[in-house]
DNA sequence: TAAAGGATTTTCT
DNA sequence: GAAAATCCTTTAC
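Residue numbers (my numbering): 52 to 256.
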């Protein structure tokens, strides 16, 4: 399977987020290969998007967002978790797609070991920080191309149907009421947050 | 089964 | 000093 070219990511961010569903995230760390099929993404559009890390301009933390498309933006949150993004659009335009959940395909035993053997299968990779922990992605990978030896996004098989959720933030600080843009494939491996948003969307008709 | 609170540290005000 | 693109455990119903 081929890695997606940088040109794939040099497009409007919401389109990249939609098109990443069904693609395959691959890590090869210490010679151990893990693969997972992406089932949930989230688009962060740029400096004008208050949810985006670049909303308040360029800082040391977010400078990778301003770099070329097709690189990994890996950041640390809540004092303990890593999350991985694919940087989109040309250098100077700070936007990215957060990879929120995936379905384990290969290297599942390693994922289980990294996550702790007590976790249930359904919790292995169903969240942005869970996914990074299972795949072995850390700050070491920040700024690396997504077609490198350790970290890649492969062609996979794009999904024909997807759910697009534009929702208020759920379960985070109450003051933040700007919309988030989730893209979800039909899968049982989505995060609790997307499942909740999906439920709310259904409930509202 | 849902809701609430803690963990833990970087980042920016 | 406060908040953060989260996860996990505990507590209550």
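Each residue gets a CB set at the ideal place from its N, CA and C atoms; glycine is no exception.
Own chain partners of residue 53 with C-beta closer than 7 Å, once the 5 adjacent residues on each side are dropped:
As a first step, residue 53 is located in the first chain; it is residue number 2 there, counting from the start. Taken in chain order, the residues that qualify are 205 and 206.
Give the secondary structure of residue 95 by DSSP, where H, G and I count as helix, E and B as strand, and everything else as coil.
Sequence index remark: in the first chain, residue 95 carries index 44 (1-based). Residue 95 falls in the strand class under three-state DSSP.
For residue 122, which of helix, strand or coil comes out of DSSP?
Taking the first residue of the first chain as position 1, residue 122 is located at position 71. Residue 122: strand per DSSP, three-state reduction.
CA-to-CA distance, residue 135 to residue 149, given in whole angstroms
Reading the first chain from its first residue, position 98 is the one you call residue 149. Reading the first chain from its first residue, position 84 is the one you call residue 135. So the two alpha carbons sit approximately 6 Å from each other.
Considering only residues of the stretch 148–222, which uninterrupted alpha helix (DSSP H) runs meet the minimum length of 4 residues and lie entirely inside it, listed in chain order?
159–166 and 179–186
With DSSP as the reference, please indicate the residues paired to residue 133 in a beta bridge.
As a position in the first chain, residue 133 is number 82, starting the count at 1. The partner list for residue 133 (beta bridge, DSSP) reads 127.
Look up residue 84 in the DSSP assignment and say whether it is helix, strand or coil.
The count along the first chain starts at 1 and reaches residue 84 at position 33. Reduced to three states, the DSSP call for residue 84 is strand.
Grab the span of the alpha helix (DSSP H) containing residue 67 for me, first residue to last.
Walking along the first chain from the start, residue 67 turns up at place 16. Looking at the DSSP string, the run of the alpha helix (DSSP H) that includes residue 67 is 64–70.
What residues in its chain sit with their C-beta under 7 Å from that of residue 165, if we drop five residues either side in the sequence?
Within the first chain, residue 165 is the residue found at index 114, counting from 1. Excluding positions up to five away in sequence, the list reads 184, 185 and 187.
In its own chain, which residues sit with a C-beta less than 7 Å from the C-beta of residue 133, not counting the 5 before and 5 after it?
The count along the first chain starts at 1 and reaches residue 133 at position 82. Only 125, 127, 180, 183, 188, 189 and 190 meet the Cβ criterion.
If you reduce the DSSP assignment to three classes, tell me which class residue 252 lands in.
Translated into positions along the first chain, residue 252 becomes position 201. Note: residue 252 maps to helix in three-state DSSP.
Rounded C-alpha distance that separates residue 68 from residue 234
Translated into the one-based positions of the first chain, residue 68 becomes position 17. Translated into the one-based positions of the first chain, residue 234 becomes position 183. Approximately 7 Å, taken between the alpha carbons.
Secondary structure of residue 77, DSSP reduced to three states
Sequence index remark: in the first chain, residue 77 carries index 26 (1-based). Correct three-state label for residue 77: strand.
Backbone CA spacing between residue 217 and residue 231 [nearest angstrom]
Looking up residue 217 in the first chain gives position 166. Looking up residue 231 in the first chain gives position 180. So the alpha carbons of these two residues sit roughly 5 Å apart.
For residue 73, verify whether its CB is less than 8 Å away from any heavy atom of the ligand ZN.
The ligand ZN is not part of the structure shown, which contains no ligands of any sort.
Could you check which residue in 93, 167 and 202 has the C-alpha nearest to that of residue 147?
Taking the first residue of the first chain as 1, we reach residue 147 at position 96. Looking at the Cα atoms, 93 is the closest of the given residues.
Between 161, 80 and 115, which lies nearest to residue 97 when the distance is taken from Cα to Cα?
Counting from one through the first chain, the residue named residue 97 turns up at place 46. Taking only the C-alpha atoms, the option nearest residue 97 is 115.
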